[in-house]
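In my numbering, each residue's number is its place in the sequence shown (first place is 1) plus 9.
The C-beta atom is built at its ideal place from N, Cα and C for all residues, glycine as well.
In this text, all values refer to a predicted model and were calculated from it rather than measured experimentally.
Working notes for the structure below.
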Amino acid sequence: MDEFAYKNGEMHVENVPLSSIVKDIGSPVYIYSTREMVNAYKSFSEAFNEHNAKICFAVKSNSNLAVINTFSKLGAGADVVSAGELERALTAGISAKNIVYSGVGKTNKEINAGLKAGIYQFNVESLVELRALSDIAVSRNVNAEVGIRINPDVDAETHQKISTGRKQDKFGINIDQASEAFAMASSLPGINPISIAVHIGSQLTDVAPFNDAFTHVANLTRKLRSEGIPISRLDLGGGLGVSYVGEKTPTPIDYASVVNSTLGDLSCELIFEPGRYLTAKAGILLTRIIYIKDNGLKRFVIIDAAMNDLLRPALYNAPHTIQQVTEPEESSELKNYDIVGPVCETGDTFLTDQPFSNLKSDELLAIRDTGAYGAVMSSTYNSRPLVPEVLVNHEDYALIRPRETLKEQLKRDRLAPWQ
Ligand SMILES: *Cc1c(COP(=O)(O)O)cnc(C)c1O
10 MDEFAYKNGE MHVENVPLSS IVKDIGSPVY IYSTREMVNA YKSFSEAFNE
60 HNAKICFAVK SNSNLAVINT FSKLGAGADV VSAGELERAL TAGISAKNIV
110 YSGVGKTNKE INAGLKAGIY QFNVESLVEL RALSDIAVSR NVNAEVGIRI
160 NPDVDAETHQ KISTGRKQDK FGINIDQASE AFAMASSLPG INPISIAVHI
210 GSQLTDVAPF NDAFTHVANL TRKLRSEGIP ISRLDLGGGL GVSYVGEKTP
260 TPIDYASVVN STLGDLSCEL IFEPGRYLTA KAGILLTRII YIKDNGLKRF
310 VIIDAAMNDL LRPALYNAPH TIQQVTEPEE SSELKNYDIV GPVCETGDTF
360 LTDQPFSNLK SDELLAIRDT GAYGAVMSST YNSRPLVPEV LVNHEDYALI
410 RPRETLKEQL KRDRLAPWQ
């Protein structure tokens, strides 16, 4: 069920009318539905009920402590890609033994932090990283459980900036060099190479690339086992897509059936790292119309949210559905509008030539499906304060990150001593 629905002519999040949150917190503001996150988590985890599966929420999609805690309470682990995310996952209540550390460039400091915490698995992406991890593990007198991320040379057919499994992408070790990498890892002290990791990209709207990648993983598992490497875990990454503007997307059940048919007979523990699937649909960016400007050719709707608050349209040309908070009359006549932010960049555009019933200054709009890769990518470009975040649960809502004040923002700068 959609947790962002019209009731009595006004959009609500669960049982909270949006206007009451804005009255309190102002705009723009990110608002998340707990129930939507819980439902997404359950539909994902239930698809893998019959597998020995560990679900590690990809913290990079939404790293607010209250969001991580929501998944932690449901039994999720975490997939982290930096020492900062590791710290967040631990602080939000996820135990180290449910944390997987991915990423192409871990510093020595970050490797040390992961070993010190005692995380479940490091996903290593190069031979140099294997050596660094081995050295540090030996110096700490511990053994690290390691997955080697392979690059299966599969095109995920998603936006090129979020495709990660092709040979020309910077991620993983080429699959044809995997045997050598595992052999080398086995010979290094302080390292237990027991897992193959793969993550071919994000926002996949078709299961065929997963099928290709997992078939490669299955073949490699058999090959490595025959070479004496005891592979017992497979980390299949994230990437399951969601519908932003009516795209047809695979369900967790569709995805699970691909996992089953390719990897079901290997008796491995499976690790999943969903991010977007768990958080995207649970969030909106609530914004207010500042002005409507008609230049004769176009009607521009200038809103108080901008590319610094939500980067996806500018970075990936990603469209997000936008809805009026006050329910439009069904009979009302539609006009085309461009929805743009106030930042001094032409890329600060959310939608072009979209039909709406008559829009007015001061009206509230909801930019949908912004729970993933929204607030986490926000910045202070144009010296705009970092956008606040609110979590809704049934009738309740709470501020889970206050709006940054200009005073706080300016306090981070200082003059040089000679000024
Ligand atoms: C980004 C990322 C994820 C999460 O991807 P989603 O598309 O949000 O599910 C999982 N694993 C790795 C290694 C990633 O880089």
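Determine the DSSP secondary structure at residue i, reduced to helix, strand or coil.
i: His225; result: helix
i: Tyr50; result: helix
i: Lys82; result: helix
i: Ile348; result: strand
i: Gln212; result: coil
i: Met193; result: helix
i: Asn201; result: strand
i: Leu136; result: helix
i: Gln169; result: helix
i: Leu395; result: coil
i: Glu154; result: strand
i: Leu320; result: coil
i: Glu278; result: strand
i: Asn107; result: helix
i: Val76; result: helix
i: Val371; result: A quick correction: the sequence has Asp, not Val, at residue 371. If DSSP states are grouped into helix, strand and coil, Asp371 belongs with coil.
i: Gln149; result: The sequence given here places Arg at residue 149; Gln does not occur at that position. If DSSP states are grouped into helix, strand and coil, Arg149 belongs with the helices.
i: Arg423; result: coil
i: Arg231; result: helix
i: Thr335; result: strand
i: Val385; result: helix
i: Ala87; result: strand
i: Gln4; result: With the chain covering only 10 through 428, there is no way to say anything about residue 4.
i: Asn160; result: strand
i: Ala56; result: helix
i: Asn402; result: strand
i: Ala327; result: coil
Would you mind reading off the limits of the beta strand (DSSP E) that contains residue i?
i: Phe13; result: Phe13 to Lys16
i: Phe180; result: That residue, Phe180, is in no beta strand (DSSP E); it is neither H nor E in DSSP.
i: Lys302; result: Gly292 to Asp303
i: Pro364; result: Thr358 to Ser366
i: Ala67; result: Ala62 to Ala67
i: Asp244; result: Arg242 to Asp244
i: Val22; result: Glu19 to Val22
i: Val310; result: Arg308 to Ile312
i: Tyr406; result: Asp405 to Arg410
Name the two residues that bound the continuous alpha helix (DSSP H) containing residue i.
i: Tyr41; result: It is not in any alpha helix (DSSP H) - Tyr41 instead sits in the beta strand (DSSP E) that spans Val38 to Ser42.
i: Pro261; result: Pro261 to Leu272
i: Asn117; result: Asn117 to Ala126
i: Ile34; result: Leu27 to Ile34
i: Arg97; result: Ala92 to Thr100
i: Arg285; result: Arg285 to Thr288
Am I right that residue i and residue j are in contact with their C-beta atoms under 8 angstroms? What's the rounded C-beta distance?
i: Asp263; j: Val216; result: 6 angstroms
i: Met316; j: Asp357; result: 4 angstroms
i: Tyr442; j: Asn107; result: Not covered by the structure: residue 442. The range shown for the chain is 10 to 428.
i: Ala312; j: Arg297; result: In the sequence under discussion, the amino acid at residue 312 is Ile, which differs from the Ala named in the question. The pair is a contact, with the Cβ atoms about 7 angstroms apart (cut-off 8 angstroms).
i: Phe191; j: Ile157; result: 6 angstroms
i: Thr167; j: Gln212; result: 5 angstroms
i: Tyr253; j: Arg308; result: Not really, about 23 angstroms apart at Cβ, beyond 8 angstroms.
i: Gly102; j: Asn78; result: 6 angstroms
i: Thr173; j: Asn220; result: No, Thr173 and Asn220 are not in contact; Cβ-Cβ is about 17 angstroms, not under 8 angstroms.
i: Leu415; j: Pro397; result: About 14 angstroms separates the two Cβ atoms, so there is no contact after all.
i: Leu99; j: Ala75; result: Rounded, the Cβ-Cβ distance is 15 angstroms, inconsistent with contact.
i: Tyr406; j: Val352; result: Actually they do not touch by this definition, with Cβ atoms about 28 angstroms apart.
i: Ile376; j: Leu294; result: 4 angstroms
i: Val137; j: Ile200; result: Between Ile200 and Val137 the Cβ distance is about 13 angstroms, and since that is not below 8 angstroms, they are no contact.
Indicate whether at least one CB of chain D lies closer than 7 angstroms to the CB of residue i.
i: Met20; result: As a matter of chain content, chain D is missing from the structure shown, which is built from one protein chain.
>> Residues around ligand 1, please: the ones whose beta-carbon is closer than 5 angstroms to some heavy atom of it, in chain order.
In response: Per the CB criterion, closer than 5 angstroms to any heavy atom of ligand 1, the qualifying residues run in chain order as Ala67, Ser70, Ser111, His208, Ser211, Gly246, Gly247, Gly248, Glu282, Pro283, Gly284 and Arg285.
>> Check whether the stretch 272-281 and the stretch 59-72 are in contact - that is, three or more C-beta pairs closer than 8 angstroms.
In response: For the pair of segments examined, the stretch 272-281 was found to touch the stretch 59-72: the number of CB pairs separated by less than 8 angstroms reaches three.
> Would you call the stretch 87-104 and the stretch 65-75 in contact, with 3 or more CB pairs under 8 angstroms?
Replying inline: Using a Cβ-Cβ distance cut-off of 8 angstroms, the stretch 87-104 and the stretch 65-75 are in contact, since at least three pairs of beta carbons, one from each stretch, lie closer than that value.
> Should the stretch 183-195 be called in touch with the stretch 152-161, which here means at least 3 C-beta pairs below 8 angstroms?
Replying inline: Segments in contact, yes.
> Is there contact here, the stretch 10-29 with the stretch 202-209, by at least three beta-carbon pairs under 8 angstroms?
Replying inline: For the pair of segments examined, the stretch 10-29 was found not to touch the stretch 202-209: the number of CB pairs separated by less than 8 angstroms stays below three.
> Can at least three beta-carbon pairs, one atom from the stretch 322-340 and one from the stretch 359-376, be found at a separation below 8 angstroms?
Replying inline: When Cβ pairs closer than 8 angstroms are counted between the two stretches, the stretch 322-340 is seen to touch the stretch 359-376, the count reaching three or more.
>> Quick check: the stretch 282-300 against the stretch 41-53, are at least 3 beta-carbon pairs closer than 8 angstroms?
In response: Contact holds between the stretch 41-53 and the stretch 282-300, because three or more Cβ pairs, one in each stretch, are under 8 angstroms apart.
> Touching or not, the stretch 328-335 and the stretch 368-375, by the rule of three or more beta carbon pairs under 8 angstroms?
Replying inline: Contact between the stretch 328-335 and the stretch 368-375 is established, with three or more Cβ pairs separated by less than 8 angstroms.
>> Between the stretch 240-248 and the stretch 222-231, can you find at least three pairs of beta-carbon atoms closer than 8 angstroms?
In response: Because the criterion of three Cβ pairs below 8 angstroms is met, the stretch 222-231 and the stretch 240-248 touch.
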